[in-house]
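Have a look at the structure below before the remarks.
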Amino acid sequence: MNMKKGLLIVYSGVSGVGKGTILAKLMPMEELNLAYSVSMTTRKPREGEVEGVNYFFVDKKRFMEAVRNGELLEHARFVENDYGTPKDYVEKMRNEGKNVILEIEIRGAKQVLEKCPDALSIYIVPPSIEELERRLRERSTEDEQTIMKRVSKAKKELKEIDFYEHIVCNDDLDKAVEEVRQIILNEMNK
Ligand code: 5GP
Numbered sequence: 000m001n002m003k004k005g006l007l008i009v010y011s012g013v014s015g016v017g018k019g020t021i022l023a024k025l026m027p028m029e030e031l032n033l034a035y036s037v038s039m040t041t042r043k044p045r046e047g048e049v050e051g052v053n054y055f056f057v058d059k060k061r062f063m064e065a066v067r068n069g070e071l072l073e074h075a076r077f078v079e080n081d082y083g084t085p086k087d088y089v090e091k092m093r094n095e096g097k098n099v100i101l102e103i104e105i106r107g108a109k110q111v112l113e114k115c116p117d118a119l120s121i122y123i124v125p126p127s128i129e130e131l132e133r134r135l136r137e138r139s140t141e142d143e144q145t146i147m148k149r150v151s152k153a154k155k156e157l158k159e160i161d162f163y164e165h166i167v168c169n170d171d172l173d174k175a176v177e178e179v180r181q182i183i184l185n186e187m188n189k
């Protein structure tokens, strides 16, 4: 029997928008058959983050080696750190019929969509910049300077998201989850 190859889902949103929270609700939904692509990063782990679960935490030397060896499907620098998607896992999971979700920032998303125009792309927006700033402070995982950098980056980024196929507003968490669920189900049934 020929198994249908899984979808490639590019999933982005500005820092602090709640995309991780939405995803945490989607991942256990069996009907969506999702596999989360764990990225490689040079960022230091935040409290509670686990190696191989949240990220593969590496030093700059190992990251550059992965780039040189062509191990990454895409990579980008984001607020002073490097992030990239290991290619092998994505292919393996898709070949097993899993819908692979890449939680990546906008420049990486562009690279993926250039290489794989069939990828499904979803961008989560906040109801407003003020609300975003409030959420970032509430999360308090970063210092003030980093928060301000992330807010300023968000403002710029929101002007460049037209290339995403679907834009979902995270005003109400359950509604946003349902919207993303429907987008994925529709694509699976095409
Ligand atoms: P954070 O430091 O908050 O975990 O992630 C910062 C940003 O990097 C987020 O927008 C996140 O989606 C993005 N990111 C995480 N992994 C990757 C990756 O592999 N490639 C790219 N291009 N961005 C990533």
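FYI, the numbering for the sequence shown is 0 to 189, going by numbering that gives the first Met the number 0.
Where a beta carbon is used, it is the ideal one built from N, C-alpha and C, also for glycine.
Residue nearest to residue i in terms of C-alpha spacing, selected from the options
i	options	result
S11	N188, E156, E186, D170	E156
R67	G83, I100, Y54, N53	G83
I123	V167, K158, F55	V167
L181	M2, M28, E143	According to the sequence displayed, residue 181 carries Gln and not Leu. Per the Cα distances, M28.
L22	S38, V111, I100, E164	I100
Y163	D87, V9, R133	V9
L7	D170, S36, K158	S36
K3	K152, E90, R136	E90
Cα-Cα separation between residue i and residue j, rounded to whole angstroms
i	j	result
R93	K189	16 Å
G107	L71	11 Å
V179	K24	11 Å
G96	P125	32 Å
E141	K86	29 Å
Beta-carbon proximity check, residue i vs residue j, cutoff 8 Å
i	j	result
V13	L119	no
G5	N98	yes
I105	I183	no
V111	E73	yes
V78	K148	yes
Per DSSP, the bridge partner or partners of residue i
i	result
E50	Y54
T40	F56, Y82
R76	D81
Y163	Its beta-bridge partners do not exist; DSSP assigns none.
C168	V124
S151	Bridge partners of S151: none, in fact.
A175	Paired residues: none, contrary to the question.
V8	The sequence given here has Ile at residue 8, not Val. Note: I8 sits in a beta bridge opposite I100, L119.
A196	Any property of residue 196 remains undetermined from this structure, which presents the chain solely from 0 to 189.
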